[in-house]
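**Q**
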């Protein structure tokens with residue numbers, strides 16, 4: 260089955276800095292994959308590269324069938340990225356923001372309204388300017404902007420950060436619903452317990468590379484931990500064992 | 423400009439995308455047999471220029487010795503505009519082809535353009551002082567040349583702020599717009615100043631003949647040679663800088679991987695403990 | 006593309022209506038510039054009268070710098086810029102939408118300043134056809150080049166100082182032409198105002214075309 264994301268020894272540059280120095284990554288359709296690693300490891304860059312925002316200068320990088328090294332703009336309309344910053348206009352209301360980003364992504368009006376309803380934003384909150392929202396409400400609005408476009412690949416950068424428990428549960432529910440409808444989710448998080456419960460498998464990232472081999476792709480609830488090693492990434496999948504406690 | 427006394431030089435061809443297999447092989451000098459010949463020629467031409475300009479050509483009937491400034495002023499002006507033109511063309515080609523050589527050429531010729539435009543303005547201003555009594559008049563050509571100078575300063579300021587090894591889209595767009603802007607500015611300023619007929623303006627071009635013509639010609643040739651010589655060196659310098667950046671990239675990738683390896687090693691040790 | 010432009014223009018204007026930056030800050034600034042000129046040039050000696058068209062356009066240009074900076078900053082922050090790149094909006098459409106929004110704000114500003122000039126400098130406004138056409142053409146010219154150069158310096162740390170340095174020399178011909186056209190309209194000069202207007206229109210066309218083509222590449226560069 261065709262992989263949604265396929266990276267082999269991918270090198271990506273941010274200015275002159277090699278944010279990714281050889282990443283191997285395989286994501287099958289319908290999976291939820293967690294990116295884990297210390298700060299500065301390159302998780303955000305992997306997500307942005309998948310969105311076609313960061314140039315990949317070496318290695319293989321194919322997302323949704325589009326070769327990122329040749330033309331990374333084609334993939335953009337098919338993915339949805341939820342980054343650190345919200346991408347909302349402070350002076351516009353929630354409804355106006357979602358409607359603008361929805362229309363900008365060529366979403367249909369029904370989808371826009373459905374997204375607002377699903378996230379509980381079609382009531383009083385619809386007419387509140389974005390600057391007056393709480394962090395959780397902003398995140399929900401950004402999710403609505405993403406949902407309205409119905410992307411095939413969801414790229415979430417620390418979706419649980421700064422949210423209270425109820426909001427985090429809501430994010431998890433959204434992710435599960437997305438995959439049940441056929442989307443694929445790749446996300447980065449520091450919330451290990453919750454994230455590992457959500458994810459089908461985990462990819463470890465360190466220093467812009469993936470020190471482990473890419474995990475097998477076929478089975479869905481493959482609760483594999485990650486194995487640390489200093490060897491260069493090999494091709495064959497290795498048997499997993501739960502990571503020892505105390506892994507940072 | 424010899425940093426190390428070697429005879430080899432990098433290819434100055436902007437269209438070739440050169441990757442030195444071994445960075446040590448790339449020359450540390452921007453000189454080459456071609457530039458040495460060019461340099462010698464320009465030196466000779468400049469000497470001739472000085473001789474013609476200062477001694478051998480006669481003083482003008484109306485302007486006496488002040489006309490000698492023209493032998494510097496006019497070639498500088500022409501070269502300044504040529505540098506500008508080169509910047510625009512190189513920026514356009516870079517935007518189309520994205521080979522870094524064009525970007526280096528654009529910035530090199532803009533710098534030279536600024537040098538020559540400054541010479542033009544200074545000599546023009548001095549000439550104005552001698553003939554009209556003022557350092558500055560708002561005549562069409564001087565004014566549009568001044569605006570050109572400001573535009574070049576802006577372009578170079580932008581390049582200083584944003585330094586990227588492979589060339590910058592922003593600078594290229596500004597460079598691309600240089601010549602169109604210059605044309606529009608020239609047209610509007612000339613039209614504007616023509617509304618105010620002033621006697622002093624008609625005296626701008628002295629009638630030249632004989633030895634003065636020779637002096638002009640020598641000035642043009644000398645100026646062009648100096649321009650070319652400086653351009654080649656400056657371009658090669660920029661080119662070498664870009665090579666250094668690219669070499670650094672491989673080192674940076676290796677360093678990043680080593681950082682990952684080290685992190686993996688220490689925690690593997692911890693995990694086993 | 007036109008639909009995208011309309012979408013973006015609508016968004017920018019709506020943001021402006023809500024935040025009122027143009028009305029609360031840019032317009033008073035422009036009026037302040039007019040007042041400062043009066044201080045510098047002494048209304049009683051007739052210099053102000055003769056210089057009125059030029060001063061008007063200088064005030065417009067300086068205010069345009071602020072308006073353009075504001076328009077650029079809307080899409081400069083990481084989140085919205087990425088989102089724009091990810092959206093299916095055509096860059097040329099985004100450019101034109103922003104130009105329309107900035108032009109709209111500038112037109113309103115120019116009307117206000119015309120009023121200001123009529124009141125503060127006791128100027129008489131005649132030759133309306135030429136005045137209005139010049140205003141329209143110059144507004145588009147300033148907006149188009151402003152949005153383009155704004156995008157050129159977006160995100161750079163020296164953005165606020167680079168923009169005037171890059172934009173004002175480019176706008177010098179517009180200043181010259183618009184002032185001459187105004188002088189012709191007001192009857193103080195015998196020049197052909199419509200020809201100057203034509204020059205401005207040509208400038209506007211050049212920048213609309215270049216801006217639409219280059220905006221996509223500029224959005225990418227980050």
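Chains as they are written, first to last, in our numbering: chain A, 260 to 507; chain B, 423 to 695; chain C, 6 to 227.
Yeah, the Cβ is synthetic: ideal placement off N, Cα and C, and Gly gets one too.
Note that the coordinates shown come from a computational prediction; the quantities given were computed from them, not determined experimentally.
Report the partner residues of residue 295(A) according to the DSSP bridge assignment.
**A** Residue 295(A) is bridged to 463(A).
**Q** Using DSSP bridges, identify the partner residues of residue 559(B).
**A** Residue 559(B) pairs with nothing; no bridge assigned.
**Q** Between the segment 84-108 of chain C and chain A, which residues of the former have a C-beta closer than 8 Å to a C-beta of the latter?
**A** Here the close residues are 84, 85, 87, 88, 89, 90, 91, 92, 93, 94.
**Q** Just the Cα atoms here: how many angstroms apart are residue 119(C) and residue 390(A)?
**A** The straight-line gap from Cα to Cα measures roughly 35 Å.
**Q** For chain B, is any of its Cβ atoms less than 9 Å away from the one on residue 276(A)?
**A** Cβ-Cβ to chain B under 9 Å: yes for residue 276(A).
**Q** Spatial neighbours of residue 230(C) within its chain, please: C-beta separation below 7 Å, excluding the five flanking residues on both sides.
**A** Nothing about residue 230(C) can be reported from this structure: the residues present for chain C run from 6 to 227 only.
**Q** Would you mind sorting residue 193(C) into buried or exposed? The rule is 16 or more other CB atoms within 10 Å of its CB.
**A** Residue 193(C) is exposed by the Cβ-count criterion.
**Q** Tell me the DSSP secondary structure of residue 33(C) in three-state form.
**A** Residue state, collapsed to three classes: helix.
**Q** Taking Cβ to Cβ, would you say residue 569(B) is nearer than 9 Å to residue 174(C)?
**A** Yes. Within cutoff.
**Q** Is it true that the CB of residue 148(C) sits closer than 9 Å to the CB of residue 105(C)?
**A** Cβ atoms of residue 105(C) and residue 148(C): closer than 9 Å.
**Q** So within the segment 372-454 of chain A, which uninterrupted alpha helix (DSSP H) runs reach at least 4 residues, ignoring any that extend past its ends?
**A** The qualifying runs are 394-407, 424-439.
**Q** Using a Cβ-Cβ cutoff of less than 7 Å, which residues in the same chain neighbour residue 81(C) once the five nearest sequence positions on both sides are dropped?
**A** Within the same chain, residue 81(C) has close Cβ partners 159, 160.
**Q** Do you know how far the Cα of residue 591(B) is from the Cα of residue 316(A)?
**A** Approximately 18 Å, taken between the alpha carbons.
**Q** Just to confirm my understanding: we take residue 72(C), look at its own chain, exclude 5 residues before and 5 after, and list those with CB closer than 7 Å. What are they?
**A** The residues are 27, 31, 107, 110, 111.
**Q** Closest to residue 436(A) by C-alpha separation, out of 291(A), 265(A), 279(A), would be which residue?
**A** The candidate whose alpha carbon is nearest that of residue 436(A) is 291(A).
**Q** Write down the C-beta distance between residue 151(C) and residue 64(C) rounded to the nearest angstrom, noting that I regard them as a contact closer than 8 Å.
**A** Actually they are not in contact, since the Cβ atoms of residue 151(C) and residue 64(C) sit about 15 Å apart, beyond 8 Å.
**Q** List, in chain order, every chain C residue whose beta-carbon is nearer than 7 Å to that of residue 345(A).
**A** Result: 84.
**Q** Return the residue from the list 342(A), 350(A), 338(A) that minimises the CA-CA distance to residue 92(C).
**A** Here the closest residue by C-alpha is 338(A).
**Q** Assign residue 622(B) to one of three DSSP states: helix, strand, or coil.
**A** Confidence at residue 622(B) is low in this model, with a pLDDT of 39, below 50, so its placement is unreliable and the value that follows should be read with caution. The answer is helix: DSSP assigns residue 622(B) an H, G or I state.
**Q** Mapping the DSSP letters down to three states, classify residue 184(C) as helix, strand or coil.
**A** Looking at residue 184(C) - three-state DSSP - the assignment turns out to be helix.
**Q** Determine the chain A residues that contact residue 671(B) at a beta-carbon separation under 8 Å, and present them in chain order.
**A** What residue 671(B) touches in chain A: 272, 275, 277.
**Q** Taking the alpha-carbon of residue 501(B) as reference, which of 673(B), 676(B), 647(B) has the nearest alpha-carbon?
**A** The residue with the shortest Cα to Cα distance from residue 501(B) is 647(B).
**Q** Nearest by alpha-carbon distance to residue 182(C): which of 163(C), 208(C), 168(C) is it?
**A** Cα-wise, what sits closest to residue 182(C) is 208(C).
**Q** Do the CB positions of residue 264(A) and residue 412(A) come within less than 9 Å of each other?
**A** Yes, Cβ-Cβ distance for residue 264(A) and residue 412(A) is below 9 Å.
**Q** Alpha carbon to alpha carbon, how far is residue 493(B) from residue 596(B)?
**A** Those two C-alpha atoms are separated by around 31 Å.
**Q** Classify residue 443(A) as buried or exposed, calling it buried when 16 or more other Cβ atoms lie within 10 Å of its own Cβ.
**A** With 16 or more Cβ atoms within 10 Å of its Cβ, residue 443(A) is classed as buried.
**Q** Can you tell me the Cα-Cα spacing of residue 541(B) and residue 645(B), whole angstroms?
**A** Straight-line Cα distance between these residues: approximately 12 Å.
**Q** What would DSSP say about residue 266(A), mapped onto helix, strand or coil?
**A** Note: residue 266(A) maps to strand in three-state DSSP.
**Q** What is the residue span of the alpha helix (DSSP H) that residue 96(C) lies within?
**A** Run containing residue 96(C): 96-125, per the alpha helix (DSSP H) assignment.
**Q** Report the neighbours of residue 675(B) on chain A: residues whose CB is nearer than 7 Å to its CB, in chain order.
**A** The answer, in chain order, is 270, 277, 280.
**Q** So with CB distances below 7 Å, who are the chain A contacts of residue 612(B)?
**A** Those do not exist, as residue 612(B) stays about 43 Å from chain A at its closest Cβ, beyond 7 Å.
**Q** Of the residues 126(C), 59(C), 21(C), which one's Cα is nearest the Cα of residue 75(C)?
**A** With distances taken between Cα atoms, residue 75(C) lies closest to 21(C).
**Q** Let me make sure I understand the geometry here. Which of 359(A), 350(A), 373(A) has the alpha-carbon closest to that of residue 25(C)?
**A** For residue 25(C), the nearest C-alpha among the options comes from 350(A).
**Q** Are there 16 or more other CB atoms within 10 angstroms of the CB of residue 166(C), so buried, or fewer, so exposed?
**A** Exposed, since its Cβ has fewer than 16 Cβ neighbours within 10 Å.
**Q** Considering only the beta carbon of each residue, do residue 79(C) and residue 17(C) sit closer than 9 Å?
**A** The answer is yes: Cβ separation under 9 Å.
**Q** Within 9 Å of any Cβ in chain A, is that where the Cβ of residue 54(C) sits?
**A** False, the Cβ-Cβ gap to chain A never drops below 9 Å.
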